[in-house]
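*Asks:* A single structure is presented below for examination.
There are 2 protein chains.
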Amino acid sequence: MRIAVPLYPGFTALDAVGPYTVLAFAPGCEVTFVAGDTGPVADDQGSLSITATATYDDLPDPDVIVVPGGPGTVPAMGDARLVGWIRAAHATTRFTTSVCSGAFLLAAAGLLEGLPATTHWGFRDRLADLGVVPVAERVVTRGKVVTAAGVSAGLDMALVLLALLRDEETARAVQLAIEYDPAPPFTSGSASTASPELRERALSLIAGV
Amino acid sequence: MRIAVPLYPGFTALDAVGPYTVLAFAPGCEVTFVAGDTGPVADDQGSLSITATATYDDLPDPDVIVVPGGPGTVPAMGDARLVGWIRAAHATTRFTTSVCSGAFLLAAAGLLEGLPATTHWGFRDRLADLGVVPVAERVVTRGKVVTAAGVSAGLDMALVLLALLRDEETARAVQLAIEYDPAPPFTSGSASTASPELRERALSLIAGV
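As structure tokens, then:
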């Protein structure tokens, strides 16, 4: 099973590494970080770089793609090589997936027209501008397209995806292997229950990146 | 606030990138990946490399250290530069922390003698061989030493840590910014409720890495 995660400048690290870690733990899943050129790609903070080990041309037909989000998504929507690769790869994938604002890259590739999809709560409504039906859920599966909400939602998405790719027992075993029994110290992870002040503060953190 | 995350061959990516993403979102937190030499460091799968941008000598006195775990921990316990750096840095840190088997590196540096600490459920009892008191909790705080359970527990630990470093409102805002409102599709993340068969299967996945 060949899984490709495209990297572009300004991606958010956890968007890529959450699903990577889940999927790479499953036997027989080979995850490759791809980009326009091989070499290190810097994240949204500029302080983490992950090495792309293959170019888009090297891996034109992966079984699964996982497109991360991040502040770099907006310029990346104008990257014809990236968007063209997503569009072409989608024709033969088993699953085409995104995390956070990665959904906007799927939309830019024309894959979400009229479909329900999700993304980070902070800019979910803007999906409608691209002909997408925004859905306030953590993971949205529509046929072979699976979209996840913001950043950390990629972990939940990857477990859903792994159960579809393999079987539920494999996904459960990976969940236990990575001890994913979450216990956040606060209950502030959902915009639906956050105060306007906290939402504002979270958005300003994102804008500050 | 200078936060250092040491990388060594065979670290588990999410152990490092979960806390990194949480902490790097907080204004004024500068997170640096350090190693014996600068350059890419390969993870436990060999398919992800993160670039170390500073050597141990470049950053001898960070305010916080976050030591990831992974299958590479056992050889890393014999890496005198890494273990010596942890020991020396600990003398002046505000917090010294670990994720998963990173606790064994803190123990190798002599920092956990007689202290309660946690690590991945699969090898928690072995902490006792190093004079540590194993605790079956997700995050264990004892003075300025904070240890987390396996892999994904680094996210919860980092939010606890951020609240201590800054304040609870900042931690809550970061939690919302990364939409950490976890919804794993299965309830199989805890060894305390897993069947013996699932535990065995999860351990075989880890051994297979």
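Those protein sequences? They're chains G and E, same order as listed. 4 is the number of the first residue of the first sequence in my numbering; add one for each residue after it. 4 is the number of the first residue of the second sequence in my numbering; add one for each residue after it. Beta carbons: idealized from backbone N, C-alpha and C, even for Gly. No experiment lies behind these values; they were computed from the predicted model shown.
#1: Quick check: what's the CA-CA separation for E/F107 versus E/D128?
#2: What are the residues that DSSP puts in a beta bridge with E/R145?
#3: Looking at the unbroken beta strand (DSSP E) that takes in E/A223, where does it start and where does it end?
#4: Excluding the 5 residues flanking G/A174 on each side, which residues of the same chain have their C-beta closer than 6 Å to its C-beta?
#5: Residues bridged to E/T54 by DSSP?
#6: Could you tell me how far apart the beta carbons of E/S52 and G/I181 are, in whole angstroms, since I believe they sit closer than 8 Å?
#7: Give the straight-line distance between the Cα atoms of G/P188 and G/M80, rounded to the nearest whole angstrom.
#8: Using the rule of at least 16 other Cβ atoms within 10 Å of the residue's Cβ for burial, across every protein chain shown, is G/A131 buried or exposed?
#9: For G/T134, which residues in the same chain have their Cβ closer than 8 Å to its Cβ, ignoring the five residues on either side in sequence?
#10: Can you list, in chain order, the residues of its chain whose CB lies under 8 Å from that of E/R90, leaving out five sequence neighbours each side?
#11: Taking the alpha carbon of E/A45 as the point to measure from, which residue in E/R204, E/L10 and E/V20 has its own alpha carbon closest?
#12: What is the rounded straight-line gap between the Cα of G/R169 and the Cα of G/V177?
#13: Nearest to E/M160 by CA position, among E/A120, E/T196 and E/D47, is which residue?
#14: Who are the near neighbours of G/P63 in its chain, counting only those whose CB is closer than 7 Å to its CB and skipping five residues on each side?
#15: Determine the chain E residues that contact G/T121 at a beta-carbon separation under 8 Å, and present them in chain order.
#16: Output needed in chain order: residues of the segment 23-41 of chain G with a Cβ under 9 Å from some Cβ in chain E.
#17: Could you give the residue range of the beta strand (DSSP E) that holds E/V138?
#18: When you compare each of E/F14, E/P30 and E/E172 to E/F36 by their alpha carbons, which one comes out closest?
#19: Between which two residues does the alpha helix (DSSP H) holding E/V20 run?
#20: Would you identify the three-state DSSP class for E/E203, choosing helix, strand or coil?
#21: Given that G/V177 touches chain E, what residues does it touch there, using C-beta distances under 7 Å?
#22: Can you check whether the CB of E/V148 is closer than 8 Å to the CB of E/T99?
#23: Shortest alpha-carbon distance to E/G49 belongs to which of G/E33, G/D47 and G/G21?
#24: Measure the Cβ-Cβ separation of G/P65 and E/T54 and say whether it is below 8 Å.
#25: Please classify G/S198 as buried or exposed, where buried requires at least 16 neighbouring CB atoms within 10 angstroms.
#26: Could you pull the start and end residues of the beta strand (DSSP E) that E/R5 belongs to?
#27: Can you find the residues in the same chain that come closer than 6 Å, C-beta to C-beta, to E/A151, ignoring five residues on each side of it along the sequence?
#28: Which residues mark the beginning and the end of the beta strand (DSSP E) in which G/A38 is found?
*Replies:* In short, the structure shows the following:
#1: 11 Å
#2: E/V148
#3: Residue 223 of chain E falls outside the range modelled here, since chain E spans only 4 to 212, and no answer is possible.
#4: L162, L165 and A166
#5: E/P43
#6: Not quite, the Cβ-Cβ distance comes to about 20 Å (not below 8 Å), so this is no contact.
#7: 36 Å
#8: exposed
#9: In the sequence on display, residue 134 of chain G carries Gly and not Thr. So the list reads A110, L115, E116 and G117, once near-sequence residues are dropped.
#10: A112, G113 and L114
#11: E/L10
#12: One Cα belongs to G/R169, the other to G/V177, and the distance between them is close to 12 Å.
#13: For the options E/A120, E/T196 and E/D47, the alpha carbon positioned closest to that of E/M160 is the one of E/A120.
#14: A91 and A92
#15: In chain order: nothing, as chain E lies at least about 10 Å away.
#16: Y23, T24, V25, A27, F28, A29, P30, E33, V34, T35 and F36
#17: Per DSSP, E/V138 belongs to no beta strand (DSSP E) and is neither H nor E.
#18: E/F14
#19: A16 to A27
#20: Residue state, collapsed to three classes: helix.
#21: For G/V177, the neighbours in chain E by C-beta distance under 7 Å run, in chain order, L208.
#22: yes
#23: G/E33
#24: no
#25: Per the 10 Å Cβ criterion, exposed.
#26: R5 to P9 is the span of the beta strand (DSSP E), which, as asked, contains E/R5.
#27: V102, V142, G157 and M160
#28: E33 to A38
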